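Numbering (UniProt numbering), first residue to last: 1 to 307.
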């Protein structure tokens, strides 16, 4: 009687008659085939993933080089907007040089710009490149000279016509007075080729003058700005001639008891052409507003050129 193994794991045998052999089947597990198919599928997916990643990587590299080659070809075909000698740019930050194109022309390194962004960097390099290579000569007092006509004088408070209150505002601006020549401190004040009036400067020689004035607005600490009729005060430089009077330069100051600007001065000035006989006056908004001090309340002029 033949012997047939009934299991691949357990070593057990049974005896089957010959006429029953056709009905006997081996005990092979169907899960073995399913596991084999699953493993094969995973390997295929893994291989395809690797292939796609490698392909994508190469496509990115090809695209990058294609873009760079296109830029390079374009810059070789089209002329640069501007170029600058880079041999003298050692003091220029490297971040600026990164925004321009370095190009060798006749053995000299040039920084070139092909678009607006590169041109902006090139302009900044140009501005920074204008540096002084050697130290400036020391100041020599013997070579110093003042302009042919100039003056610098301390201002005095305008004279009040009444004493009704310490601070008084009028329809017309109050004219500041100038310190008399006899009282000048020669270390700080001078008058040269200009007539000094009681309330202004009178021009003798025609030319372009720079005029300036500084007024230190300050009131007593016992006076509150909120109690005043006006809290914004004006400070002007005016010109009076035979034909007309006009305001040349002007500044404004706002009264505030608790502000840090209380210690700031009001400064104004500028250049203008003056003729012989023109009178320069310094005016403010009222009386009792200015603190008189030679370091902060003064006026002056200087000739910049004759005409």
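Virtual Cβ for every residue (Gly too), placed ideally from N, Cα, C. If you're wondering where the values come from, they're calculated on a predicted model, not measured in any experiment.
Those residues which DSSP pairs with residue i across a bridge
i	result
residue 238	247 and 281
residue 272	209
residue 302	150 and 210
residue 190	152
residue 253	233
residue 345	With the chain represented from 1 up to 307, any question about residue 345 goes unanswered, as that position is not in the structure.
residue 195	202
Residues near residue i by beta carbon distance below 7 Å, same chain, minus five either side
i	result
residue 289	167, 217, 219 and 233
residue 193	148, 149, 204 and 205
residue 230	169 and 285
residue 118	99, 100 and 101
residue 283	173, 174, 175, 176, 236 and 238
Coarse secondary structure for residue i, derived from DSSP in three states
i	result
residue 373	Shown here, the chain extends from 1 to 307; a query on residue 373 therefore has no answer.
residue 128	helix
residue 9	In this prediction, residue 9 scores a pLDDT of 44, lower than 50, which makes its location untrustworthy; the coordinate-derived value is nonetheless stated afterwards. In the structure shown, residue 9 sits in coil (DSSP, three-state: anything other than H, G, I, E or B).
residue 22	Residue placement at residue 22 is flagged as unreliable, the pLDDT there being 49, under the threshold of 50; a coordinate-derived value is accordingly withheld.
residue 81	coil
residue 216	strand
residue 41	helix
residue 175	strand
residue 87	helix
residue 182	helix
residue 266	strand
residue 379	Within the shown structure, residues of the chain are numbered from 1 to 307, placing residue 379 beyond reach of any answer.
residue 297	coil
residue 121	helix
residue 292	coil
residue 62	helix
residue 223	coil
residue 159	coil
Where residue i falls, given that 16 or more other Cβ within 10 Å makes a residue buried
i	result
residue 256	exposed
residue 268	buried
residue 188	exposed
residue 281	buried
residue 154	buried
residue 253	buried
residue 200	buried
residue 86	buried
residue 79	exposed
residue 287	buried
residue 59	exposed
Start-to-end residues for the beta strand (DSSP E) that takes in residue i
i	result
residue 113	108 to 113
residue 336	The requested residue 336 is not part of the displayed model; the chain covers only 1 to 307.
Close-in-space but distant-in-sequence residues of the same chain around residue i (CB under 8 Å, 5 per side omitted)
i	result
residue 277	202, 203, 241 and 242
residue 197	178 and 279
residue 224	257
residue 272	208, 209, 211, 239 and 248
residue 115	81
residue 110	83, 84, 85, 86, 102, 103 and 104
Near the ligand GTP: residue i beta-carbon under 6 Å from a heavy atom
i	result
residue 43	Questions concerning the ligand GTP fall outside what the structure shown contains, since it holds no ligand whatsoever.
Residues near residue i by beta carbon distance below 6 Å, same chain, minus five either side
i	result
residue 245	none
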